[in-house]
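Structure first, then comments.
2 protein chains.
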Amino acid sequence: MLSEDAKPARTSGRPATIDPEAVAGLALQLFAENGYENTSMEDIAREAGIGRKSLYRYFASKADLVWGGSEPVVEASALAFGSFHREGKPDGGVLAGLREAAIAGAAAIPDLSVTRGRLRLIAEHPELTSHSYESLSFQRERALVFLTDSGLPISSARFLSAAYLAATFEAWMQWAASPDPDPVPYLVAALEVLQVPRGS
Amino acid sequence: MLSEDAKPARTSGRPATIDPEAVAGLALQLFAENGYENTSMEDIAREAGIGRKSLYRYFASKADLVWGGSEPVVEASALAFGSFHREGKPDGGVLAGLREAAIAGAAAIPDLSVTRGRLRLIAEHPELTSHSYESLSFQRERALVFLTDSGLPISSARFLSAAYLAATFEAWMQWAASPDPDPVPYLVAALEVLQVPRGS
DNA sequence: CACCTTATGACACTCTGTGTCATTATGTAA
DNA sequence: TTACATAATGACACAGAGTGTCATAAGGTG
Numbered sequence: 002m003l004s005e006d007a008k009p010a011r012t013s014g015r016p017a018t019i020d021p022e023a024v025a026g027l028a029l030q031l032f033a034e035n036g037y038e039n040t041s042m043e044d045i046a047r048e049a050g051i052g053r054k055s056l057y058r059y060f061a062s063k064a065d066l067v068w069g070g071s072e073p074v075v076e077a078s079a080l081a082f083g084s085f086h087r088e089g090k091p092d093g094g095v096l097a098g099l100r101e102a103a104i105a106g107a108a109a110i111p112d113l114s115v116t117r118g119r120l121r122l123i124a125e126h127p128e129l130t131s132h133s134y135e136s137l138s139f140q141r142e143r144a145l146v147f148l149t150d151s152g153l154p155i156s157s158a159r160f161l162s163a164a165y166l167a168a169t170f171e172a173w174m175q176w177a178a179s180p181d182p183d184p185v186p187y188l189v190a191a192l193e194v195l196q197v198p199r200g201s
Numbered sequence: 002m003l004s005e006d007a008k009p010a011r012t013s014g015r016p017a018t019i020d021p022e023a024v025a026g027l028a029l030q031l032f033a034e035n036g037y038e039n040t041s042m043e044d045i046a047r048e049a050g051i052g053r054k055s056l057y058r059y060f061a062s063k064a065d066l067v068w069g070g071s072e073p074v075v076e077a078s079a080l081a082f083g084s085f086h087r088e089g090k091p092d093g094g095v096l097a098g099l100r101e102a103a104i105a106g107a108a109a110i111p112d113l114s115v116t117r118g119r120l121r122l123i124a125e126h127p128e129l130t131s132h133s134y135e136s137l138s139f140q141r142e143r144a145l146v147f148l149t150d151s152g153l154p155i156s157s158a159r160f161l162s163a164a165y166l167a168a169t170f171e172a173w174m175q176w177a178a179s180p181d182p183d184p185v186p187y188l189v190a191a192l193e194v195l196q197v198p199r200g201s
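Same order as they appear, the protein sequences are chains A and B.
Converting from the first sequence to our numbering requires adding 1 to each position, the first position being numbered 1.
Converting from the second sequence to our numbering requires adding 1 to each position, the first position being numbered 1.
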């Protein structure tokens, strides 16, 4: 259900010639070389050999070039939420579910060093950091559904999912700033500030 | 120490003729009437009888017209953090301190209905919601200092302050969406999802 | 080969946000 | 009252983000 519109499975028409991942990679490279704000969308398009408008067809905004890479993480995490209830709840309850989802997200990252570069870029730019709220909205929604499915009242579920998102995001940021190879310990530590409200 | 540059206490020169609060109020009114994105900075300036550049002198961005009103809350909250340790810790520990600060912030609001309008506007516009990260960065910093002063390890303190900010923001949003007059119960409920990590 | 679908990019536009600079208004000091 | 200093004001110009329209190109399918 995650890939409802993943690939329209086009049968005819001109096939795409632009590789979004390659373009995003190029953009990250240019950001690293010349700085984020010194690199315009036009610069990126020119360097990629495409038109500015075509660039916007693949990336809704400049921030998307950076945040786009987090989609696999969010998807894997959402998947873990979905399978958690079906497989019968292990011990640890709801918080364990949140933890598993966060770890599943981390496991979905193919190249951690690229992700670290992305996150550091985000950390350096408040406007990119702010974008977390939009970029993680799907994740927030998924966590909320998981929590209400787990029996939490909607109100507590909202607070907990908001805190969960913030804590895990902070964990990623701290990991990115560190030299450690494994983000999981950061995620685990971050989730220790959460608890299910008594009486839920 | 909060008002280090509150008022330069100018001794000569032309005094200001623009009332920022009045301008922000006017802007909020225009946003309510015509929609946020349908109201340009130029529209606001024209309506306020000033130039667009003068508008930017008082408000760094369009979002500032909306978020500016939260400054008193943040300041009052920060003040509560500062006085918490001096007055000897009451019972409840660190979490009680966070709760007191959040409540102090709420108490600093002169007109709750205006704040509710602001928050609803923010809720409707993802780009404004995102701005919370920047607008609350000072609050985040303050909470972090408070937590480390309380003896928490820096790592836990970062996670907890991130979760704290997110939970209280979510509380404000839920309150704004409700018809309830008092935001405090929302804040208290939100903070129940937090805990100090065992062993801190 | 005709056709169809879709990618592509040229063009023009609005709006945000910034920088520069001359002008104006208002205080203080002589 | 007359400088004078200070700061507000806004006119002008600009880069860049993001959007809409539309003609064209390019590759598949029948």
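Each residue gets a CB set at the ideal place from its N, CA and C atoms; glycine is no exception.
Check	Outcome
Here's a check: name, in chain order, each residue in its chain whose Cβ is nearer than 8 angstroms to the Cβ of residue 27(B), leaving out the five neighbours to either side.	45, 48 and 49
Considering only residues of the same chain and omitting the five flanking positions on each side of residue 30(A), which have a CB-CB separation below 6 angstroms?	none
Under the DSSP definition of a beta bridge, which residues are partnered with residue 31(A)?	Per DSSP, none; premise fails for residue 31(A).
Would you list, in sequence order, the uninterrupted alpha helix (DSSP H) runs of no fewer than 4 residues that lie entirely inside the region 84 to 166 of chain A?	94 to 108, 113 to 125, 127 to 131, 133 to 136 and 138 to 150
Can you grab the Cα-Cα spacing for the pair residue 9(A) / residue 58(A), in whole Å?	Below a pLDDT of 50, predicted positions are generally treated as unreliable, and residue 9(A), at 43, falls in that range; no measurement from the model is reported.
Checking the sheet assignment: what are the DSSP bridge partners for residue 195(A)?	195(B)
Identify the contact partners of residue 157(B) in chain A, using a Cβ-Cβ distance below 8 angstroms as the criterion.	190, 193 and 194
Check whether the Cβ of residue 172(A) lies closer than 8 angstroms to any Cβ atom in chain B.	yes
Nearest chain B C-beta to residue 175(A) closer than 8 angstroms, yes or no?	yes
With 9 angstroms as the limit, tell me which residues of the region 112 to 134 of chain A have their beta carbon closer than that to any beta carbon of chain B; keep them in chain order.	127, 128, 130, 131, 132, 133 and 134
Okay, do the region 124 to 131 of chain B and the region 128 to 140 of chain A touch, 3+ Cβ pairs below 8 angstroms being the bar?	yes
Measure the Cβ-Cβ separation of residue 185(A) and residue 81(A) and say whether it is below 8 angstroms.	no
Measure the C-alpha to C-alpha separation of residue 60(B) and residue 105(A) and round it to an integer number of angstroms.	42 angstroms
Which term fits residue 151(A), buried or exposed, when burial requires 16 or more other beta carbons within 10 angstroms of its beta carbon?	buried
Under 8 angstroms, do residue 109(B) and residue 73(B) count as touching if we go by C-beta distance?	yes
Do you know offhand how far residue 182(B)'s Cα is from residue 113(B)'s?	8 angstroms
Buried or exposed: where does residue 193(A) fall if 16 or more other Cβ atoms within 10 Å of its Cβ makes it buried?	buried
Hey, how far is the Cα of residue 165(B) from the Cα of residue 52(A)?	44 angstroms
Which residue marks the beginning of the alpha helix (DSSP H) containing residue 45(A), and which one marks its end?	42 to 49
Using C-beta distances below 6 angstroms, list every residue in its chain close to residue 172(B), excluding the 5 sequence neighbours before and after it, in chain order.	187, 188 and 191
Please classify residue 36(B): is it buried, with 16 or more other beta-carbons within 10 angstroms of its beta-carbon, or exposed?	exposed
With 16 other CB atoms within 10 Å as the buried threshold, where does residue 76(A) fall?	buried
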